[in-house]
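Chains as they are written, first to last, in our numbering: chain A, 157 to 516; chain B, 215 to 556. We put the CB at the ideal spot given by N, CA and C, even for glycine. As the structure is a prediction and not an experimental result, all values here were calculated from the model.
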Amino acid sequence: MSEAGTAARGRQGFEEAVDGGDDAVAAFEGHEKTLLDRLQHFLHANPTMVPVIVLLLSIAAFGIVAGGRFFSAFNLSLVMQQVSIIGILAAAQSLVILTAGIDLSVGAIMVLISVIMGNLAVKMGVPVGLAILVGLLCGTLAGMLNGLLVTRIKLPPFIVTLGTWNIFFALNIWLSGAQSIRSQEIDATAPALKWFGESIGIAGAQFTYGSILMLIIFAVLWYVLNRTAWGRHVYAVGDDKEAAELAGIRTNRTLVQVYAVAGLVCAIGAWAAIGRVGSVSPQSFQEANLQSITAVVIGGISLFGGRGSIVGPLMGALIVGVFNSGLRLAGVDVLWQVFAIGWLTIIAVALDQWIRKVSS
Amino acid sequence: MNYALLKSTALAIAGAALFGFSGPAAAQNAGACLITKTDINPFFVKMKEGATAKAQELGVQLSTYAGKVDGDHETQVQAIETCIASGAKGILIAASDTKAIVPVVQKARDAGLLVIALDTPLEPIDAADATFATDNFKAGELIGKWAAATLGDEAQNAKIAMLDLTPSQPSVDVLRDQGFMTGFGIDAKDANVIGDEDDPRIVGHDITNGNEEGGRKAMENLLQRDPEINVVYTINEPAAAGAYEALQSFGKTDVLIVSVDGGCPGVQNVKEGIIGATSQQYPLLMASLGIEAIAKFAETGEKPKPTEGLDFFDTGVNLVTDKPVEGVESINSEEGLARCWG
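Written out as structure tokens, the structure reads:
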């Protein structure tokens with residue numbers, strides 16, 4: 157309007173004063189653009205880049221320190237095998253953490269489900285397909301139980317899953333008698349339980365079906381979280397539950413679904429774990445709950461919910477694996493590997509806090 | 215129904231049970247307590263079985279307690295206090311925290327109870343009246359000797375992977391690891407420390423947490439360090455099963471795996487040739503001997519004596535293998551299966 161009007165009337169004398177002034181549109185006061193500021197802004201816009209950069213740097217660093225043995229295609233694929241189970245649990249964990257919750261029971265669900273699958277298929281002679289289906293269903297129900305306790309009884313997720321962690325652990329020991337089902341028994345009765353342990357070799361690298369499964373799970377979750385309405389709801393609920401509710405999202409239903417899907421992913425992980433370990437082992441993966449949280453946190457997903465990409469935890473799990481492998485091949489004692497992962501976790505969260513300051 | 219009624223009914227039932235069971239045992243009139251680390255480990259389940267059977271046979275009144283998880287010290291302290299209060303004659307304990315339990319054990323001994331440590335020695339070992347345990351150093355030594363004898367002259371060129379328990383190196387971890395090296399003919403240097411040897415035949419040590427997953431990962435890691443490994447020592451049989459999986463995925467079939475424990479799945483693996491040899495220990499025997507000792511103490515006041523040359527009573531260990539070698543006594547897997555636990 158104004159432009160057309162000005163053109164019609166011609167330029168008036170008092171308007172010439174404008175020429176001397178600043179013709180910029182009203183704006184906030186700009187940041188001082190130091191290199192660090194730019195980096196902070198870049199990382200805020202691309203939070204996934206932090207773990208990607210750390211992963212690439214650590215691979216390069218250990219490649220130099222530990223040499224060819226570390227940098228071989230075989231070793232890198234071995235790292236992927238070794239992190240595959242924790243990676244799958246980290247995918248489940250990410251979903252819950254994105255809603256500003258936490259799930260301490262993921263590892264316990266996984267071990268319980270592997271025992272259920274093993275008991276049904278090996279000890280009770282149930283057809284293996286059915287045993288796996290029952291396992292997947294039980295995993296989903298276990299997750300749903302967490303979700304219902306969080307939403308209906310309105311307990312903090314930390315408390316709920318601390319409780320169910322113990323409950324699932326006790327059930328696991330009760331069902332298994334703390335006794336492993338041997339690899340050879342599985343081979344004899346239900347070899348399909350170990351399917352994810354098989355592998356294909358490409359150029360010296362050895363990819364187990366389990367590590368490929370991990371990548372597929374992350375790819376599917378990435379699609380769901382970024383390209384579907386449900387995925388956006390998950391982020392919205394985690395960012396601000398009340399606002400999401402006011403925007404018309406059925407937040408409690410979304411939450412229950414998130415926990416149920418997490419349980420399902422854990423149950424899929426249980427199947428993969430049988431392949432990875434070779435046996436149904438009720439005593440394995442006792443630290444998996446916390447290791448999955450470590451991977452998520454290093455992967456840059458905010459514990460306050462609603463922020464971070466699902467690709468991060470995959471990177472986080474790989475970073476932990478690369479650190480362990482590299483330090484080991486460099487001859488570093490186990491103790492100091494644990495020490496290094498501890499610092500890595502703290503630095504990752506500190507970095508996350510620093511990046512978040514951009515928006516405040 | 216009110217609370218008082220409930221309570222009195224419960225008391226009456228408890229009282230009846232007490233009289234019912236203590237009737238025939240009244241002559242002996244000895245009470246004993248068994249306190250284990252957990253109720254979930256088959257090893258301790260077997261221990262409880264042995265104690266219960268022996269207690270019934272001798273007319274000893276047995277109460278059993280267990281921690282919730284391995285490392286649950288608090289519950290064990292409460293159990294000892296309960297035992298003292300109940301007037302029991304003796305306590306059998308597999309302690310979770312071998313140092314921290316000492317003061318309360320002393321309280322029990324001051325109250326006149328016989329305290330016997332089962333499986334795990336207290337620190338110091340004489341904090342208990344006696345210790346009934348497996349000689350874990352000997353257990354390691356046996357499989358070390360067996361592996362060396364099986365390889366024969368090739369033992370000089372062996373490449374050995376050591377799959378240990380945890381970074382904190384508990385005493386059972388150290389004893390088995392160092393025992394194996396000694397048996398194999400390797401200078402273990404300081405026998406209290408894992409990993410200070412300098413024999414090039416040892417490729418490395420890694421930890422397994424005593425389960426299959428840890429065993430597999432540790433084996434993979436050590437194979438990455440040296441793919442020529444041909445002897446694998448493992449802290450227990452689940453770790454050995456995991457190591458076997460890793461060896462298979464690396465396409466290695468001619469590797470000797472040795473282990474310690476003698477649990478039923480482990481001995482089955484010996485039978486199937488997955489584990490070459492394992493040292494079997496006897497939790498049931500530890501507990502039944504313990505109950506006998508308490509019964510004797512109640513009768514005569516006599517305390518059990520340690521095995522000659524050791525500071526504890528050795529409940530025995532047998533090498534289980536189907537490929538016996540000269541100079542190392544062993545039993546076969548059939549006999550091992552008949553005596554296995556879990």
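Neighbourhood of residue i by C-beta distance below 6 Å, restricted to the same chain and skipping five residues each side
| i | result |
| --- | --- |
| residue 409/B | 419 |
| residue 477/A | 235, 238, 239 |
| residue 356/A | 363 |
| residue 391/A | 462 |
| residue 320/A | 261, 302 |
| residue 325/A | 264 |
| residue 305/A | 311, 316 |
| residue 291/B | 318 |
| residue 241/B | At residue 241/B, the pLDDT of 36 sits below 50, so the modelled position is not reliable; the number obtained from the coordinates is stated separately. Taken in chain order, the list of residues that qualify is empty. |
| residue 428/B | 422 |
Presumed contact (8 Å Cβ cut-off) between residue i and residue j, rounded CB distance
| i | j | result |
| --- | --- | --- |
| residue 468/B | residue 451/B | 20 Å between Cβ atoms; not a contact. |
| residue 427/A | residue 299/A | Not quite, the Cβ-Cβ distance comes to about 15 Å (not below 8 Å), so this is no contact. |
| residue 359/B | residue 328/B | The Cβ separation is near 36 Å, so there is no contact. |
| residue 259/A | residue 418/A | 6 Å |
| residue 205/A | residue 199/A | 6 Å |
| residue 535/B | residue 481/B | About 10 Å separates the two Cβ atoms, so there is no contact after all. |
| residue 249/B | residue 293/B | 5 Å |
| residue 389/B | residue 423/B | 18 Å between Cβ atoms; not a contact. |
| residue 357/B | residue 397/B | 7 Å |
| residue 544/B | residue 533/B | 4 Å |
Residues of its chain near residue i, where Cβ-Cβ distance is below 7 Å and the 5 sequence neighbours each way are ignored
| i | result |
| --- | --- |
| residue 421/A | 244, 247, 248, 373 |
| residue 566/B | Past the edges of chain B, shown from 215 to 556, lies residue 566/B, and the structure says nothing about it. |
| residue 513/A | none |
| residue 149/A | In the structure as shown, chain A begins at 157 and stops at 516. Residue 149/A is therefore absent and cannot be evaluated. |
| residue 614/B | Because chain B spans 215 through 556 in this model, residue 614/B falls outside it and cannot be assessed. |
| residue 439/B | 417, 418 |
| residue 228/B | Residue confidence for residue 228/B is low, a pLDDT of 44 falling below 50, so the modelled location carries little weight and cannot support an answer. |
| residue 393/A | 255, 400, 405, 407, 410, 411 |
| residue 458/B | 471, 488 |
Cross-chain neighbours of residue i in chain B, by beta carbon under 9 Å
| i | result |
| --- | --- |
| residue 485/A | 435, 438, 439 |
| residue 239/A | Within chain B, no residue comes near residue 239/A; the closest Cβ sits about 10 Å away, beyond 9 Å. |
Under 8 Å by beta carbon: chain A residues contacting residue i
| i | result |
| --- | --- |
| residue 430/B | 432, 433, 434 |
| residue 476/B | Neighbours of residue 476/B on chain A: none; closest Cβ ~14 Å, over 8 Å. |
| residue 497/B | Going along chain A, no residue has its Cβ under 8 Å from residue 497/B, so there is no contact; the nearest lies around 14 Å. |
Contact list for residue i against chain A, beta-carbon separation under 9 Å
| i | result |
| --- | --- |
| residue 556/B | 333, 334, 335 |
| residue 420/B | 484, 490 |
| residue 546/B | The premise fails here: residue 546/B is roughly 19 Å from chain A at the closest Cβ pair, so nothing lies under 9 Å. |
| residue 452/B | 336, 435, 437, 439, 440 |
Chain-ordered neighbours of residue i on chain B, where CB pairs are closer than 7 Å
| i | result |
| --- | --- |
| residue 329/A | 254 |
| residue 275/A | Simply none; closest approach about 15 Å. |
Counted within 10 angstroms of its Cβ, other Cβ atoms place residue i as buried (16 or more) or exposed
| i | result |
| --- | --- |
| residue 519/B | exposed |
| residue 508/B | buried |
| residue 437/B | buried |
| residue 430/B | buried |
| residue 169/A | exposed |
| residue 338/B | exposed |
| residue 436/A | buried |
| residue 548/B | exposed |
| residue 407/B | exposed |
| residue 555/B | buried |
| residue 433/B | buried |
| residue 387/B | buried |
One or two residues paired with residue i in a DSSP bridge
| i | result |
| --- | --- |
| residue 376/B | 419/B, 447/B |
| residue 528/B | 347/B |
| residue 475/B | 494/B |
| residue 275/B | 245/B |
| residue 480/B | Note: residue 480/B sits in no beta bridge, so no partner. |
| residue 518/A | For chain A, the structure presents residues 157 to 516; residue 518/A sits outside this window and is missing. |
| residue 363/A | 356/A |
| residue 311/A | Answer is none; residue 311/A lacks a bridge partner. |
| residue 423/A | The partner list for residue 423/A (beta bridge, DSSP) is empty, contrary to what the question assumes. |
Closer than 8 Å at the beta carbon, the chain B residues around residue i
| i | result |
| --- | --- |
| residue 448/A | By Cβ distance, chain B contributes nothing, its closest Cβ being about 14 Å from residue 448/A, past 8 Å. |
| residue 100/A | Absent from the model: residue 100/A. The displayed extent of chain A is 157 to 516, so no value can be given. |
| residue 494/A | 381 |
| residue 231/A | 438 |
Sequence-distant residues of its chain with Cβ nearer than 8 Å to residue i (five each side left out)
| i | result |
| --- | --- |
| residue 529/B | 346, 347, 348, 495, 496, 499, 500, 503 |
| residue 404/B | 410 |
Where residue i meets chain A, residues with beta-carbon distance less than 7 Å
| i | result |
| --- | --- |
| residue 425/B | 437, 439, 440 |
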